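Protein chains: 2
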Amino acid sequence: MTDIMKDDYELRKETIDQMESVDEETLADLADLFKIFSDSTRIRIMYSLFIKELNVQEIADALGMQQSAVSHQLRILRRSNLVKIRREGKNIYYRLSDSHVFTIFSQGLEHISE
Amino acid sequence: MTDIMKDDYELRKETIDQMESVDEETLADLADLFKIFSDSTRIRIMYSLFIKELNVQEIADALGMQQSAVSHQLRILRRSNLVKIRREGKNIYYRLSDSHVFTIFSQGLEHISE
DNA sequence: ACCTCATATGAACACTTGTTCATATGTTTA
DNA sequence: TAAACATATGAACAAGTGTTCATATGAGGT
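Chains A and B, in that order, are what the protein sequence lines are.
Position in the first sequence (from 1) plus 26 gives the number in the working numbering.
Position in the second sequence (from 1) plus 26 gives the number in the working numbering.
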């Protein structure tokens, strides 16, 4: 290991002191979270919700997908607390539930653009 | 939509102005990136590399896995530029390739702890 | 109560993916 | 160059996942 790399790792190690207590179960949960982001349909759904909340049919139209497929994916997003719903008459409007979605998104984009 | 939510979305919309040009292909790439993080074996490998670089057998031992399985996963991580290698004699040492891995990790952990 | 519309759900199917086993590649040392 | 060791790779298999089709649930309007 070169000195430069060693320093790099020492620095990182300090930075992740808070992370050191992460156990196996948490790592599995982490993998499960990223699994939600790993499908392009779900990514596109979340992205469409960045601008404004939409109901199921609006999402399906925007993505050129069947209502059923969208509904199945929304179920998964809801179960993981990534989206929340609001009922208005017959329609159900979906929106992103917290800002972590945005942060995870933008970090991913930053990695890609290199 | 309530006024509070409207404000929330207006605010978010401003924040993601830079994101607005994201096209379908980029979203697919994004999903592919997160797909790498979506397997607990790969997550555990990356986590083990936070502390210091390791060779293949050290990773396999640390995770209680077969060398072959680890090697297959390392291949995937390498292809996505998430790890880099350094040869030292017969051994090949793996290390994380950039700090985005760390950032993506910690954002994920933050979401989980809620 | 009935019909209509929006959404959800279950089963079936094709496709993807991670692991194992066996073996190949490539490097060091005798 | 041959043996020993570390790593990579290909084929096969089991398990998981997203979509479609058909249908169920639930709310509003007549």
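The beta carbon of each residue, even a glycine, is placed where N, CA and C say it ideally should be.
Fair warning: this is a prediction, and the values are worked out from it, not measured in the lab.
Neighbour flag for residue i against chain A, beta carbons, 8 angstroms
| i | result |
| --- | --- |
| G134 of chain B | yes |
| S94 of chain B | no |
| Y120 of chain B | no |
| L53 of chain B | yes |
| H98 of chain B | no |
| V48 of chain B | yes |
| I138 of chain B | yes |
| I85 of chain B | no |
Whole-angstrom distance between residue j and residue i, CA atom to CA atom
| i | j | result |
| --- | --- | --- |
| R105 of chain A | S139 of chain A | 30 angstroms |
| T28 of chain B | E79 of chain A | Any reading at T28 of chain B needs caution, since the residue's pLDDT is 49, under 50, leaving its predicted position unreliable; the model's value is listed next. Cα to Cα, the separation comes out at about 11 angstroms. |
| F128 of chain B | H137 of chain B | 14 angstroms |
| F76 of chain A | E46 of chain B | 10 angstroms |
| S125 of chain B | S125 of chain A | 21 angstroms |
| D87 of chain B | S123 of chain B | 22 angstroms |
| L89 of chain B | V96 of chain B | 9 angstroms |
| R113 of chain B | M91 of chain B | 22 angstroms |
| I85 of chain A | I85 of chain B | 43 angstroms |
Residue from the options with nearest C-alpha to residue i
| i | options | result |
| --- | --- | --- |
| R68 of chain A | A:M45, A:L103, A:S94 | A:L103 |
| V48 of chain A | B:N117, B:M72, B:L53 | B:M72 |
| K116 of chain B | B:R70, B:F76, B:N81 | B:N81 |
| E51 of chain A | B:E46, B:R70, B:A95, B:R112 | B:R70 |
Inter-residue CB distance, residue i and residue j (contact presumed, cutoff 8 angstroms)
| i | j | result |
| --- | --- | --- |
| S64 of chain A | K61 of chain B | 4 angstroms |
| R121 of chain A | K110 of chain A | 6 angstroms |
| L56 of chain A | L135 of chain B | 6 angstroms |
| Q83 of chain A | Q99 of chain A | Not confirmed; about 14 angstroms, so no contact. |
| S66 of chain B | L53 of chain A | 6 angstroms |
| S133 of chain A | I130 of chain B | Before going on, a small fix: residue 133 of chain A reads as Gln here, not Ser. Between I130 of chain B and Q133 of chain A the Cβ distance is about 5 angstroms, and since that is below 8 angstroms, they are a contact. |
Neighbour flag for residue i against chain B, beta carbons, 8 angstroms
| i | result |
| --- | --- |
| M91 of chain A | no |
| R113 of chain A | no |
| I102 of chain A | no |
| R70 of chain A | yes |
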